[in-house]
Structures are given as C-alpha cells and as structure tokens.
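Chemist: Pasting a structure here, questions to come.
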DNA sequence: ATATTATTGCAATATAGTTGCATTAAAAGA
DNA sequence: TCTTTTAATGCAACTATATTGCAATAATAT
C-alpha cells in the first residue's frame, strides 16, 4: 500500500506547515472549504499520523488536534509533552515541558499527555 | 431549583461510593441496566457535578469519567491532579501528583489535567 | 498509453452526549 | 392525609465528532 502524493494532501500539509499551532479537523476544514470533502481531511490526517509525519492529540475538550512532528525520530516517536489550549483564541500549542509522573509501585507507563487551558499572551 | 432525592440518584451515588476508581457513563450504565434510562444517568451525573459532589474528567480517549470528590473544599474546587488509565482493565484512578507546569511568559493558567496510560499492578 | 490500485466523494453509520416534551413523583403546604 | 408545585424521568429526536462502504477517479509503474 504505497502512499501517493495528491493535491489534497499537499494542501493539508502546507496548512499544517504554515500554522504555528496545532489545528483541529474543524479548523482545517474551515481553511480548505470547497477544495475537498470532510472525510478526505480525516483520512489524510489519519494517514499522516500513521506515517509519523504529524501527531494527533486529543484535547481536554475531546477533539483531536494535529500538529507536525518536530523533534521526533522514527524509532522514538513520543509526544509526552504538555499542550496548552487558549480559551479565548482556541490556539493549541505544544509546550516544551515533558509529562513526568511517579507512578505507584507495580504500575507501568505506556503513554502520557497533559493539558493546560487558560489564556495565551495575546488574550489576557 | 431545589434538588430532590430519588431512587435513581441514590443508586448512582451508591455505585460511585462503592467503586474504588472513576467510572465512565458506560460502566455505570452497565451496572444499573434496566433500573433507569441512559439519559437519566447523564443527567444525574451532570447534576452531581454541578453540586460539586463528583468531578468529571475527560480521559485521553475522549470519554468522561466520574469520581467522588475527595479532598475538595467548596471554595477551592480543583482537580489538577494526574489520572491513570489501565489499558487492560480500563480502571481509571486519580493519582496524588498535581499537574504543575511552567507556562511561557504572559500565559495564564485556568485549568490543568494530565493522563498516564499503561498497566496497573494487577495487569502487568 | 495502459493497467493497477491508492485516493476521493458521497451516503450511511458509529459513538458519546444533549435537548424537548409529556408524564411521573418528591416534598412542601393546607 | 390530600393537594399543589415543580424537579426528575423516559422516550424520541437531535448534535457533534469521527469512521466505514462502495463506486468513481486519478497517481504511479510498466
């Protein structure tokens, strides 16, 4: 199942590259309205996630956000950093700080996410 | 709008009290099957949340979990602690550790949540 | 230029949760 | 105890977010 390059994919990746923050499907749909179907956006995003080009983060309000992978190496593909969502402008950002928690005896960690909501520097 | 005590509410609160971990609507529905409607469960849970009797946490898979409030005081009702979800038994627990992150200059924190997924002491 | 099959669009479906409305039943008052 | 008031409930319908099936389209290899 070799992946193909299509106008729709180029459009979406261009969008994500030009965005300084993570985007939800909804935000992306807004931007590419008329150029492609809703479902196509979902499928493209999922495909990029599979390939490790972008990562998918479920926000504290239950929606997925997507962002380019920055410092990921193919072998060690983790995104255990904190995310910030601005309650005013809805901007979602990856924070540099890693999630690091002491688990009770006998517990094994597989994955970790952290969300901070609040107001960004432009919105307070 | 004074709240009333009903058999359904008693049933739900009893369940949450007897559970050592947080429960999703689905888990609760499973337990009270036949005794009340799906919608009633949702409404009861929301009502309890409003009253500060329980707290609602959105898990990293996008579902709400509910748990009794333990150390909450009416004035300072926060739940900025980490939560753990076991990938095998689906148990959700509140971890003692607080979420504490340094935000970039000019950002204001309103709320914070953290999720760790993995395997609990019974499941690995 | 042709064949193969990944990708797309559209309709339908899945999942989690909410809303409207008529009916039922707590609890306060007579 | 009986009435009255209105919160709570059950049912159906709806919303929002995301996925699946399938036929049509189009990107790549030959």
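Residue numbers (the working numbering), protein chains in the order written: chain A, 8 to 131; chain B, 8 to 131.
C-beta atoms are modelled at their ideal positions from N, C-alpha and C, and glycine is treated no differently.
Everything numeric in this text was worked out from a predicted model, so none of it was measured.
In whole angstroms, give me the CA-to-CA distance for residue 89 of chain B and residue 64 of chain B.
Modeler: For the purposes of this step, residue 89 of chain B is taken as the residue at position 82 of the second chain. For the purposes of this step, residue 64 of chain B is taken as the residue at position 57 of the second chain. Distance between the alpha carbons of residue 89 of chain B and residue 64 of chain B: 10 Å.
Chemist: At what residues does the beta strand (DSSP E) containing residue 99 of chain B begin and finish?
Modeler: As a position in the second chain, residue 99 of chain B is number 92, starting the count at 1. Element bounds for residue 99 of chain B: 99-105.
Chemist: Return helix, strand or coil for residue 53 of chain B, following the three-state DSSP convention.
Modeler: The sequence position of residue 53 of chain B within the second chain is 46, counting from 1. Helix.
Chemist: Contact criterion: CB-CB distance below 9 Å. Does residue 94 of chain A meet it with respect to chain B?
Modeler: Taking the first chain and counting its residues from 1, the one referred to as residue 94 of chain A is at position 87. Yes, its Cβ sits closer than 9 Å to a Cβ of chain B.
Chemist: Chain B partners of residue 65 of chain A, CB-CB under 8 Å?
Modeler: Numbered from 1 along the first chain, position 58 holds the residue referred to as residue 65 of chain A. Correct list: 67, 68 and 69.
Chemist: Around the C-beta of residue 121 of chain B, are 16 or more other C-beta atoms found within 10 angstroms, so that it is buried, or is it exposed?
Modeler: For the purposes of this step, residue 121 of chain B is identified with residue 114 of the second chain, where counting begins at 1. Answer is buried; the Cβ neighbour count reaches 16.
Chemist: Rounded to whole angstroms, what's the CA-CA distance from residue 112 of chain B to residue 94 of chain A? Just pull it up for me.
Modeler: Against the second chain, residue 112 of chain B aligns to sequence position 105. Against the first chain, residue 94 of chain A aligns to sequence position 87. Residue 112 of chain B and residue 94 of chain A: Cα-Cα distance of roughly 17 Å.
Chemist: Compare the beta carbon distance of residue 67 of chain B and residue 119 of chain B with 9 Å and say whether it is the shorter of the two.
Modeler: Within the second chain, residue 67 of chain B is the residue found at index 60, counting from 1. Within the second chain, residue 119 of chain B is the residue found at index 112, counting from 1. No. Outside cutoff.
Chemist: Taking only beta-carbon positions, decide if residue 108 of chain B is within less than 9 Å of chain A.
Modeler: For the purposes of this step, residue 108 of chain B is taken as residue 101 along the second chain, with counting starting at 1. So, interface residue.
Chemist: Please work out which residues of its chain come closer than 6 Å, Cβ to Cβ, to residue 19 of chain A, disregarding the five sequence neighbours upstream and downstream, and give them in chain order.
Modeler: As a first step, residue 19 of chain A must be located in the first chain, where it is residue number 12. 51, listed in sequence order.
Chemist: Run down chain B in chain order and give the residues with a C-beta less than 7 Å from the C-beta of residue 89 of chain A.
Modeler: As a position in the first chain, residue 89 of chain A is number 82, starting the count at 1. By Cβ distance, chain B contributes 108.
Chemist: Is residue 59 of chain B close to chain A? Criterion is C-beta to C-beta, closer than 9 Å.
Modeler: Looking up residue 59 of chain B in the second chain gives position 52. So no, residue 59 of chain B is outside the interface.
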